[in-house]
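**Q**
Residue numbers (the numbering used here): 1 to 151.
#1: Quick check: what's the CA-CA separation for residue 194 versus residue 18?
#2: To which residues of the same chain is residue 98 closer than 8 Å at the C-beta, ignoring the five residues directly before and after it?
#3: So, residue 70 versus residue 110, is the Cβ gap smaller than 9 Å?
#4: Mind listing, in chain order, the continuous beta strand (DSSP E) runs of no fewer than 3 residues lying wholly within the segment 84-137?
#5: How would you write the range of the alpha helix (DSSP H) that residue 63 sits in, first residue to last?
#6: Assign residue 33 to buried or exposed, taking buried as 16 or more other Cβ atoms, counted over all protein chains shown, within 10 Å of its Cβ.
#7: Relative to the C-alpha of residue 78, which residue among 14, 144, 31 and 108 is closest?
#8: Would you check if there are 3 or more beta carbon pairs closer than 8 Å linking the segment 7-14 to the segment 113-120?
#9: Can you find a C-beta in chain D that's less than 9 Å from the C-beta of residue 5?
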C-alpha cells in the first residue's frame, strides 16, 4: 500500500525537476486564503508547434502530463511538501492547435490523469480547456491551476 505522495511519485516513476521560473514579470504562484494559484506552465524541453499539425493528440496528452509535472515541482518548491496540498480545485488548459483540431479535452486528460494518480480523491477537480490560435513560445499546451493548500 502506498502511504505518501512521494511514494506515489516513485511508483509512477516520476522524479520532480527543479521548479522552472516565471517566463516574465510575475510570480510562479500566489496563495490567498488557502488557495494557491499556480501560473501557466508548459511541458519540459520546450517543444514547439501546434496540435493537429506538428503533434498528435497522444503527444499532446504527454505534453500536458509534462506540464503537470512542472506544476508539481512548483508546488513542492513553495510548500516544501506535496502533502500540504489538500485538494486540486481547478485546472485550465490552453491547447495550441489548428482550427480543425477537436480533441482538446483528450490532451488535457494528460494533466487530469496525473493529478488523480498523485493525489487520489483529492486530485478530482473542475477544469476547462480552450483551443488557442497561439500561445507563449509556440508551446503545444499550457496549464494553470488552483489548489487548496495548508498555510
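Built from N, CA and C at the ideal position, the CB exists for glycine as well.
**A** Inspection of the coordinates gives the following:
#1: What the structure shows of the chain is the stretch from 1 to 151, and residue 194 is not part of that stretch, so it cannot be assessed.
#2: 50, 51, 52 and 53
#3: no
#4: Runs of the beta strand (DSSP E) inside the segment 84-137: 85-96 and 126-132.
#5: Unbroken alpha helix (DSSP H) run through residue 63: 57-79.
#6: By the 10 Å Cβ count, residue 33 comes out exposed.
#7: Among 14, 144, 31 and 108, the Cα nearest to that of residue 78 is on 31.
#8: yes
#9: The structure shown has no chain D; it contains just one protein chain.
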